[in-house]
Amino acid sequence: MANRLKHLSSIANDVVQSCALKLETPVEKLVEEFETTWKADETAPVGHNITATNNNNNSYGRKFVEFCSAKVLQTRDICKTIEEKIADGSFSRFTFDMMLAWEMPASADEESFTVID
């Protein structure tokens, strides 16, 4: 079963999982690489145990989604087959999911939109 990051929304987790598959890299390695380069506010938390405000979760989640997505978009495979990926809809789907994940990166965001019967 895929490793889900509890502080990310389901769509952000899906994008991260998709990026990991495309890059043939474990999610944990992406997290580790991202966290060693992330230069946010000194007080922003880093790691899987984020307990700060929703703004910090959004900042971390948003930047992590951007990081993973950029790594995929920079691969030569995407560039070589862009016309094919546009034609079959996979590029549009991936970029649409990226946009949704960027808009709602944190699990707390998702909970605020959950409808209770």
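Residue numbers for the sequence shown follow full-length UniProt numbering, so the first one is 1 and each next one is one higher.
Positions of the beta carbon are idealized from the N, C-alpha and C atoms, including for glycine.
Where the alpha helix (DSSP H) through residue i begins and ends
i          : result
residue 93 : 90-103
residue 35 : 27-37
Residue i in three-state terms, based on DSSP
i         : result
residue 8 : strand
Neighbourhood of residue i by C-beta distance below 8 Å, restricted to the same chain and skipping five residues each side
i          : result
residue 82 : 91
residue 34 : 63, 64, 67, 68
Proximal residues to residue i (C-beta, below 6 Å), its chain only, five neighbours per side dropped
i           : result
residue 69  : 98
residue 100 : 11
residue 61  : 8, 12, 105, 106
residue 85  : 91
Residue i classed as buried or exposed, judged by whether at least 16 other C-beta atoms fall within 10 angstroms
i          : result
residue 20 : buried
residue 96 : exposed
residue 11 : buried
residue 89 : exposed
Same chain only: Cβ atoms within 7 Å of residue i, ignoring 5 sequence neighbours per side
i         : result
residue 6 : 107
Residue i: CB within 7 Å of a non-hydrogen atom of the ligand GTP
i          : result
residue 97 : With respect to the ligand GTP, the structure offers nothing, as it holds no ligand at all.
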